[in-house]
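Read left to right, the sequence shown gives residues 5 to 320 (the working numbering). Beta carbons: idealized from backbone N, C-alpha and C, even for Gly. Presented below is the structure to which this report refers.
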Amino acid sequence: MSVINNAHSGSHIPSLIFVDRLLNRNIIKSSEFISIKSIISQNSPDSLFIDEMKDNEGNFKIKDNPKKKLPETLQFWIKQGLWDSSTEGIKAFSALSNDFNIHARIVRSVFNKTYDLHTGSSIEPLIRGMCLFLAIEEITFSGGVFFKHTEIPTISARYMPERSKDGTRLSMNPDDRRRFAEFGLLLGFMEKINKDKYVVDPTRLIKIFLYDIFSETSGDSISIHDFIKRLNSQVPIFDGGKYRVEIEALMQSKKIDWLPSPSHTLSKSLSHALYRLNLENHIYLDRLSDSLDAVSLPLPNGETRTVSHIRIVGGK
5 MSVINNAHSG SHIPSLIFVD RLLNRNIIKS SEFISIKSII SQNSPDSLFI DEMKDNEGNF
65 KIKDNPKKKL PETLQFWIKQ GLWDSSTEGI KAFSALSNDF NIHARIVRSV FNKTYDLHTG
125 SSIEPLIRGM CLFLAIEEIT FSGGVFFKHT EIPTISARYM PERSKDGTRL SMNPDDRRRF
185 AEFGLLLGFM EKINKDKYVV DPTRLIKIFL YDIFSETSGD SISIHDFIKR LNSQVPIFDG
245 GKYRVEIEAL MQSKKIDWLP SPSHTLSKSL SHALYRLNLE NHIYLDRLSD SLDAVSLPLP
305 NGETRTVSHI RIVGGK
């Protein structure tokens, strides 16, 4: 079942963060595994889930849905490989695991597997949504359109077919909207610009992979095309990435007048992220005079920047 659907396993982000924090604190003290049974029994007593309503026999009802959140979250993210697991239980992979790198660890565990975006209904709806929203030019800083989480199903339905050939739901429904926005913030492909409006900006997501990208080269500079290719080898949701191309084809089948960015122009979401990483002093954006493979980066306020190479600040 879909990780972005509030009723399904893996979707409860507070439980995910709670368990992760518990394991991170434990690994500092001990390298032992913690049994799943003890995590559940010690952190979700029945008293937490007592409803204000009584049943026909006069006993207070138990709220079944909240009671399932913690065990479902545990099982879902164990299967995704977020934590080290054995027959004894689970533990954090490293004493370096913490609240600040949880988004990077989740992203790496998610994209450590191969998915069929046409048929999958677990992690796949999240990946489909990521590709879709990264491809829509209007909902970026350059596009200038900011959206509420309540508008996510409408945006999805505008660009994505409702179902695939085998009946798998492709567009998001109202039950997906809040969790998708929350995962967008958690994983770093969206930002919140005020109390209730979001914008697509994958800067924090791309930052996770900067070391991986530049560790494959002998120097500290690579072409923009190699940068994007290496980025997509880690998380293939950006311009030209495998998953992105699949979703763009679905978008064109739904909205025939929609077109992806031209070959020598980056999408507005990727352009903004690279420019922001430049402004934050993580990378330099260079234009070499003799380069024939430069690309255009559309930026806010109608500006455009031409880039042929990217350097990492300070070298490797």
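query                                                                                                                                                                                          : result
If you drop the 5 nearest sequence neighbours on each side, which residues of the same chain put their C-beta closer than 7 Å to that of Leu-121?                                              : Glu-128, Ile-131, Arg-132, Tyr-247, Glu-250 and Ile-251
State whether the region 281 to 295 contacts the region 170 to 189, with contact taken as three or more CB pairs (one from each stretch) at a distance under 8 Å.                              : no
Please go through the same chain and pick out, in chain order, the residues whose beta-carbon is closer than 6 Å to the beta-carbon of Phe-115, but skip the five residues on each side of it. : Val-239
So what does His-313 bridge to, in DSSP terms?                                                                                                                                                 : Ser-227 and Asp-290
Determine the burial state of Gly-306: buried for a count of at least 16 other Cβ atoms within 10 Å of its Cβ, exposed for fewer.                                                              : exposed
Can you round the beta-carbon distance between Val-1 and Ala-298 to whole angstroms, since I take them to be within the 8 Å contact cut?                                                       : Outside the displayed range of the chain (5 to 320) lies residue 1, so it cannot be described from this structure.
I'd like the span of the beta strand (DSSP E) that includes Lys-196, first residue to last.                                                                                                    : 194 to 196
Go ahead and pull the three-state DSSP assignment for Phe-151.                                                                                                                                 : strand
Taking C-beta to C-beta, are Ile-241 and Leu-138 nearer than 8 Å?                                                                                                                              : yes
Taking the straight line between their C-alpha atoms, what separation do you get for Pro-264 and Ser-273?                                                                                      : 12 Å
Beta-carbon within less than 7 Å of Leu-86's beta-carbon, same chain only, minus the 5 sequence neighbours each way: which residues are those?                                                 : Arg-109, Ile-110 and Ser-113
Determine the contact status of Ile-4 and Arg-309, defining contact as a CB-CB distance below 8 Å.                                                                                             : Because residue 4 is not part of the residues shown, which for the chain are 5 to 320, the question remains open.
Please report how far the alpha carbon of Ala-236 lies from the alpha carbon of Arg-173, in whole angstroms.                                                                                   : Checking the sequence, you will find Asn at residue 236 rather than Ala. Looking at the two C-alpha atoms, the distance is approximately 25 Å.
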